Structures are given as C-alpha cells and as structure tokens.
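In the working numbering, the protein residues as written are 5 to 460. Just so it is clear, CB atoms sit at the ideal spot from N, CA and C, and this is done for glycine as well. Predicted model only: the values in this text are computed from it and were never measured. What follows is a single structure, written as structure tokens, with notes after it.
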Amino acid sequence: MSYLLILGGGESGVGAALLAKKMNIPCRLSDSGTLKEVHRAELTRHSIAFEEGGHSTSWLTEVTEVIKSPGIPDSAPMIVEFRKRGISVISEIEFAARYLSPENKIIAITGSNGKTTTTTWLTHVLQKAGKDAIACGNIGVSLARLVAEAPHEYYVAELSSFQLDGTVNFHPHIAVVLNITPDHLDRYEYKFEFYAQSKMRITRNLSEQDYFIYWQEDTFITQTLQAMPPSYATLSFSLEGEGNAYLNSLNETLYFAPTDQLPAFSIAQKDLALMGKHNLLNAMAVGLAARAMGVNNEALYEALHHFVNVPHRIEPVGIVDGVLYINDSKATNIQSTYYALEAQTRPVILVLGGTDKGNDYSEIEELVRSRCKALIFMGVDNNKLHAFFDNKITDIRDARSIDEMLHHARTLSQTGDVVLLSPACASFDLFKNYEDRGDQFRSKVQALISSTEKKA
C-alpha cells in the first residue's frame, strides 16, 4: 500500500496529517528529530502512523506524494531522490488549499519584513469589521489544521519563501508582497534573485478576479511587473509617490484612493496604533487588502487606530533606572534591525548577533554610527560582527547569554538610553528560537525591575 508521506512533525506537518486523516488519505509522518509531546499525543489520538528519530527506508519507498516541512531544503538528498523518481514534493499550504471551497478565500502575505505584524493587523481589521477571518501559516497555526477543523470565510496566511517554494497550484484571492530584501540566502545559493523569485511565486496563479498588493518602491517587484504585465489587479502603496495608497508627507496622513465600491479614505500618522516608518508600509498594505474585501472606512479607521502588536517586534518590556528595554528578537535580518533603529529617538545600546544568514552590515552602518553609543554582540561566533564594526564603534562587548548581555547593558547605559535587542540574526546558536530569545530577555528585564523596586 502506498501513502502520503509527511516529512517533519512540527505544526505544519501535524496539521497536514490531521487534514489527510479527515479526507481519508492514507498517510505517515516521519521526523528525523524528536516530536513535541503535544504533537505525539495528537497523532496518537487520531491513529496517525508516525516515527521519530530517523526515516525508515520502507517509509521512503511506499510513497504517492510528499509534504515536506519548510525547514527541509530542496537540496536535501531524500528530496532530490523523490523528485528523480517523479514523486511530487509539496508544501503543507499547497496541500491544504486543495480542500478549500471557492467561498473560502486566502489572503496570502509574504515579504522579508513585516509579515507577522501585517497578518495579525489585517486579521484584526477583518474581525472588527464583522468578517469570519483567522490568521494562519508561518504565524503559528497551520492552514491545514484550520481547514481540517472548520471552514472560515477568510484565511489570512503569513507565508515564508520556504513555504512558497513548495507550491504549484496554490491560489490566493489576495497576494501581498511587502518587500523583498536579502534574507535566508544560505538556502538560495547566496543569490538574491533566487530568493526574490521564490517570494514572487505567491502571484503565479492569480486570476483577473484577484489582487496583488505591493510596495511601489521595491525595485525587484516593480521590474518583475514591468517585464511581465499581469492579468490580475494590482494595488500599490508608496512612501515617496502616489499609489493606490500613499503617504502625504505635507500633512503626515496616509491616503487611500477611492475604489468602485468605497470613497477615498485617510488616516493621520499619529492616529495609527503602531509607530515607525515600517508600520506606515504595513498599515497601507492592511488598508488596501481590507478595502479590497469591502471593509468600510469607519471600521478601517477604528481597527487601524486600536491594535496591539505581536510580541518580539519592537516590544517595550520595561524601564530600569531610566533606561528603556525593547525586545525586537523577531528581527532576524538586517532590514528588520534597520527599521527598529530608525524608529529610535534616544541613544541606543544595540544588541546584535546569533546565526548570521549572509548579512551585509553596511546597510545599517550609518544608523549605527548616528544612533548607537555602544554595541553588544550576543552569539557563539561574533567574528563577522567584530570585523565590520570594531573600527566604527568605540564600545563593543561580547555576551554568551541574556544575563551576560544585560550585565553589559547596565554598565553601558544611563538614564534616557534605550537597550535594543534587535539581533539581525537567527537565534539557534544560543536559543531554541527567536521567541525563546525574546521571552528570556523580557523575563530577565522584568526580574531586574522587581529587584530594583525592592531596593527602592
């Protein structure tokens, strides 16, 4: 008997297994590592065959199709072998989308930066407007799990390039590309164009009834559209010119052009729930998508004005001795750190470091020189950071833990400063993931606050 083989037992793989079970598709799940107890229990409860700690040879031969975890590269030997044998290898989102009805719409959001904020914010807008919307994808809950559980009107899906790599017929109603800047280049032969092409796969199946929302100042996106004029509707947002949404710098207002169904809309920068230049872009993308789905101006204003951002993204976690500590652990690439630094108005002690993904630190050099009084490198190997910054910033320290980093931060800072954890690197050298890094930072800062209050 042949099976659908699911490689990887994280949320994506388990969600795919649950959906396969619901659709009566024989499946097996195989993971080279150790499954989380919650996933192991879930698979057992639903009588889904699984293995962990390695891949059995027999399981790799009796295969009709493969769903692979986003963390498994296309270059992995077993993936190469499957494709040589003519076996389809897809992503969980490709699989899940097969079982949606036409009335169930996907709003797919990708980009190098801003995906999580935009996904969460748009879901908030739609829900406040009375629509049945739910966030999914790279944000934490798999699309497949949600499709297996119950239908929703709108699935707002945060998608990484790794997830898009495994798509063939995936067809969102609205596709959003916020920006494309170098990231994950280690997975793309260190070639930006390969990574960018992966992001643009989100548009490949759009039809005349669909929308593509993009940043007008992103050179790669605009050049791609010019080279291959699309059949689908395009909606652009801009900070420097006039798009379907743009920043009116004279009165510091975001302006949205009228549509066939809705009058023009505007909102002052100061009325947005989130501050910073990058959040102007996120807000415009959210507004364009919401208006494409018929959200009226009053509901849009309220939801853009009242919103709490996700953790680990320029998240103030406390003030100790007059120093503000900010958790931006989700900044795992240079552009995210650029935006975080750009939003600061006080002297910064910047915490960088972790697992480098091909960063070009010259992109933040000017901001670091102008806004940072000191740097702390928190990682196992900080050589690349030292090679670039040692002759540019006078005060640099190294740390191998949150405790050591905070010790340096307290020594370097004074009242009115900001300690900004915005590493520009992945976290896997010292932490489980960026959430673990951010959670440890938050809890240690809050412990400092408690200890200083007791002393007072």
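On the CB-based measure, 16 or more other CB atoms within 10 Å of its CB, does G37 come out buried or exposed?
G37 is exposed by the Cβ-count criterion.
What is the C-beta distance between S333 and L182, in whole angstroms, given that I count them as a contact (C-beta under 8 Å)?
About 20 Å separates the two Cβ atoms, so there is no contact after all.
Going by DSSP, which residues form a beta bridge with C461?
Lying outside 5 to 460, the shown extent of the chain, residue 461 is not represented and no answer is given.
Which runs of the alpha helix (DSSP H) fall wholly inside the segment 76 to 139 and span at least 4 residues, in chain order?
DSSP runs (the alpha helix (DSSP H)) wholly in the segment 76 to 139: 81 to 88, 96 to 101, 119 to 132.
Exposed or buried, H310, counting other C-beta atoms within 10 Å across all chains shown (16 or more means buried)?
With fewer than 16 Cβ atoms within 10 Å of its Cβ, H310 is classed as exposed.
With burial defined as no fewer than 16 other Cβ atoms inside 10 Å of the residue's Cβ, what is the status of L389: buried or exposed?
When all chains shown are included, L389 counts as buried.
How about A428 and N331: are their beta carbons less than 8 Å apart?
Not in contact: A428 and N331 (Cβ atoms no closer than 8 Å).
Just tell me which of T223, V180, A179 has its CA closest to the CA of E197.
Measuring from the Cα of E197, the nearest candidate turns out to be T223.
In angstroms, rounded to a whole number, what distance separates the CA positions of E306 and L284?
Taking the straight line from one Cα to the other gives about 16 Å.
Please check the pair A148 and F99, which I expect to be a contact at CB under 8 Å, by giving their CB distance rounded to whole angstroms.
Sure, about 6 Å apart at Cβ, within 8 Å.
Suppose the cutoff is 7 Å on Cβ atoms and the five residues either side in sequence are ignored; what does the same chain contact list for S116 look like?
Correct list, in chain order: N183, I184, T185, D187, N337, Q339.
Taking the Cβ atom as the reference point for each residue, do P30 and A112 lie within a distance shorter than 8 Å?
No, the pair does not count as a contact, with Cβ atoms beyond the cut-off.
Enumerated in chain order, which unbroken segments of the alpha helix (DSSP H) with a length of 4 residues or greater are wholly contained in the segment 146 to 209?
Taking only runs of at least 4 residues, the alpha helix (DSSP H) segments lying wholly in the segment 146 to 209 are 147 to 153, 165 to 169, 196 to 204.
So, do the segment 259 to 276 and the segment 91 to 110 have three or more beta carbon pairs nearer to each other than 8 Å?
No, the segment 259 to 276 does not touch the segment 91 to 110.
In terms of residue numbering, what span does the beta strand (DSSP E) encompassing G362 cover?
No beta strand (DSSP E) contains G362, which DSSP labels as neither H nor E.
Who are the Cβ neighbours of E244 in its own chain at under 7 Å, not counting the five residues just before and after it?
Excluding residues within five positions, the ones whose Cβ falls inside 7 Å are E221.
Is the separation between the beta-carbon of G357 and that of A430 shorter than 8 Å?
Going by C-beta atoms, G357 is not nearer than 8 Å to A430.
Does the Cβ of S240 have 16 or more other Cβ atoms within 10 Å, making it buried, or fewer, making it exposed?
Looking at its Cβ environment, which holds 16 or more other Cβ atoms inside 10 Å, S240 is buried.
Please name the residue, chosen from L452, R205, D421, that lies closest to A378 on a Cα-to-Cα basis.
When only C-alpha atoms are compared, the closest one is D421.
Using alpha carbons as the reference points, say which of S374, A413, A403 lies closest to N387.
Here the closest residue by C-alpha is A403.
Is it right to say S455 is buried, meaning 16 or more other beta carbons lie within 10 angstroms of its own, or is it exposed?
It counts as exposed.
Does any C-beta atom of chain D lie closer than 8 Å to the C-beta of C31?
Included in the structure is just one protein chain, with no chain D present.
In chain order, what residues of the same chain lie with their CB nearer than 6 Å to the CB of P77, ignoring the 5 residues before and after it?
R191.
From this set, A303, M232, L22, A137, which residue's C-alpha is nearest Y158's C-alpha?
For Y158, the nearest C-alpha among the options comes from A137.
What did DSSP end up calling M382 once you bin it into helix, strand or coil?
DSSP places M382 in strand when its eight states are reduced to three.
Excluding five sequence neighbours on each side, which residues of the same chain lie with their C-beta closer than 6 Å to the C-beta of F435?
For F435, where only same-chain residues beyond five positions count, the Cβ hits under 6 Å are R441.
Which residue from G144, L150, V151 puts its Cα closest to that of S164?
When each option's Cα is compared against that of S164, the closest is G144.
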